[in-house]
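Structure record follows, encoded as structure tokens.
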Amino acid sequence: MQNIFYNINRIGTGIAPVFKTGSSTSLPLFKKLGIAAIISFCASLFTAGCLWGIKQLNSDWELPFYFPLLATGIWILIDRYLPAFLQFIGATIATTIGAPLGLETSGFIFSKALANKFTKQDQTIFYYSAIAGVIATAFGAPVAALCFALEVWLLEWTIVSILPIVIGSTIGAAFSYLIHDSIPVFTTSITSNEFTWNIYIAIGIIMGLWATLTISLTKLTTRALNYLKQKNYWWLLIPALALTLIYYYSPSGVNNTYSYLDALLHARVTLFMLFSLAILKWLSWILYNSFFKTGTGIVPLLLSGGAFALFAGVLLQLIFPAIKIDAGLIVLLGMTAMLAGTSRGVVAAIIFSLELTHKWEVTLPIIMVAIVSYSLPLLILRKKHKIEEA
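Everything in the sequence shown is counted per the numbering used here, starting at 5 for the first residue and increasing by one.
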């Protein structure tokens with residue numbers, strides 16, 4: 005069965021590195037499922053190891069502000085001189101010590117390296133089953149990973165294409181349970197169950213426009229920076245230089261993206277940190293994605309969306325003092341809206357936020373902002389996308 009959402013959702017920015025979508029027919033089903041299970045297990049194990057490593061590193065060592073520049077230089081050397089199978093090493097080093105990407109991106113690149121070892125007919129499904137395992141492991145969101153596949157990744161819905169994704173998500177869920185037990189990966193300080201619907205619609209519209217800008221700017225910078233990359237590989241240091249300056253002036257210093265997520269969800273942030281996450285790191289992340297073709301990842305979308313939504317919420321409360329705004333809820337809604345608007349997986353974004361935090365009582369506001377944020381880029385960019393295809 006043809007995926008009816010596939011062409012509609014092509015206007016977005018992929019959360020993972022681009023991988024050509026095609027049919028998968030060269031292996032018997034049971035052999036295919038077995039290989040998908042092995043690859044998903046390896047990708048999930050790799051992701052779990054990265055999560056453990058970054059936790060140990062950031063708890064024992066205060067990283068110097070220039071580390072992103074050093075790490076990006078290493079990434080460039082690895083990307084240029086090592087075989088494609090080993091290029092995930094550079095991404096892992098960079099994301100561990102300061103690059104504005106989540107460690108799930110390293111898992112995605114590792115998954116791509118594993119899938120590339122198989123025939124072209126089978127690479128796609130193995131890749132998607134592996135990154136489903138990565139998402140489930142890193143965020144405890146196996147159902148959301150399956151929804152991403154159904155909405156965005158798969159060209160066709162068949163037993164042959166869906167079962168490997170289910171296997172990958174299940175293996176990732178098992179790893180997540182071993183790491184986090186049944187505790188949510190992130191908690192949030194939502195204190196109010198009184199929903200101000202007008203505010204949430206406004207947040208959805210604001211984040212929909214922000215997602216539209218992100219999609220457009222990412223595509224624009226990708227086209228522009230490809231020219232520089234072809235001229236000289238070392239132009240890739242541009243985003244690292246920008247990020248180093250941000251860390252130099254930032255009072256929080258170099259830190260992993262997961263600690264920023266926790267601070268945002270509990271509204272333990274300063275105005276400077278909000279500006280840094282919503283604007284400065286957003287720009288540097290777009291540059292990294294445009295240069296290295298990493299895909300947006302998930303954590304950068306959550307950070308940018310949560311920070312920008314909270315900033316917008318503060319402004320709305322200053323303009324309308326009578327309005328009560330729950331900071332933790334606004335952050336969660338902003339994260340959901342940004343993920344839905346840019347990744348184009350609206351159901352996936354809704355389920356992802358619920359699996360991530362287990363805040364089932366705010367399901368209705370989450371659904372509302374996700375639908376609004378998903379719809380705006382579709383309305384604004386769809387016509388332009390058709391013109392470009394023609």
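Every residue gets a Cβ at the ideal spot worked out from N, C-alpha and C, and that includes glycine.
Please read these numbers as outputs of a predicted model, since none were measured by experiment.
Please return the same chain residues whose Cβ sits closer than 7 Å to the Cβ of residue i, not counting the five positions on each side in sequence.
i: I93; result: I82
i: T474; result: Coverage of the chain is limited to positions 5 through 394, which leaves residue 474 absent and any answer about it impossible.
i: L169; result: Checking the sequence shown, residue 169 turns out to be Ile, not Leu. Cβ neighbours of I169 beyond the five flanking positions: Y132, S133, A136, L150 and A153.
i: R386; result: I15
i: F9; result: E155
i: P146; result: A140, S173, T174, G176 and A177
i: I203; result: L320, I327 and I329
i: S357; result: L336, M339, T340 and I370
If contacts are defined as beta-carbon pairs under 8 Å, then residue i and residue j qualify, I think. What distance do you get, rounded to the angstrom?
i: A282; j: F315; result: 5 Å
i: G137; j: S110; result: About 13 Å separates the two Cβ atoms, so there is no contact after all.
i: I327; j: L333; result: Actually they are not in contact, since the Cβ atoms of I327 and L333 sit about 13 Å apart, beyond 8 Å.
i: L360; j: V189; result: 6 Å
i: A341; j: A313; result: 7 Å
i: G38; j: P72; result: Their Cβ separation, rounded to whole angstroms, is 40 Å, which puts G38 and P72 out of contact at 8 Å.
i: K233; j: L240; result: 7 Å
i: I302; j: I19; result: 6 Å
i: A40; j: I129; result: 7 Å
i: E7; j: L158; result: Here residue 7 turns out to be Asn, not Glu, going by the sequence shown. Contact flag correct, Cβ pair sits at about 5 Å.
i: Y292; j: G345; result: Incorrect: roughly 20 Å between the Cβ atoms, too far for contact.
i: T200; j: L269; result: That belief does not hold up - the Cβ atoms of T200 and L269 are roughly 19 Å apart, past 8 Å.
Starting from the C-beta of residue i, find all residues in its chain whose C-beta is less than 8 Å away, skip the five residues before and the five after it, and write them out in chain order.
i: E392; result: Note that E392 scores a pLDDT of 47, beneath 50, so its modelled location is shaky and nothing firm can be said.
i: N120; result: A88, F89 and Q127
i: I290; result: T218, L221, T222 and T225
i: H184; result: G144
Going by DSSP, what residues sit across from residue i in a beta bridge?
i: Q6; result: E160
So, at 6 Å on beta carbons, what are the nonlocal neighbours of residue i in its own chain, with the 5 sequence-adjacent residues on each side left out?
i: A98; result: A75, T76 and W79
i: L287; result: none
i: I329; result: G317 and Q321
i: R348; result: N13, G16 and V156
i: W56; result: none
Practice item. Tell me the start and end of each unbroken alpha helix (DSSP H) in the stretch 134-186 that is at least 4 residues and wholly inside, in chain order. Key: 146-152 and 163-184
Exercise for review: Examine the Cβ distances between the stretch 273-280 and the stretch 204-224 and report whether three or more of them are shorter than 8 Å.
Suggested key: No: the two stretches stay apart, fewer than three of their Cβ pairs being nearer than 8 Å.
Point to revise | Contained alpha helix (DSSP H) runs [length at least 4] in the stretch 75-109, N- to C-terminal order | key: 92-100
Review point. Are the stretch 369-388 and the stretch 335-355 touching by the rule of at least three beta carbon pairs closer than 8 Å?
Key: yes
**Study point:** In chain order, each alpha helix (DSSP H) run of at least 4 residues that lies wholly inside the stretch 340-389
**Key:** Counting whole runs of 4 or more residues, the stretch 340-389 contains the alpha helix (DSSP H) stretches 350-361.
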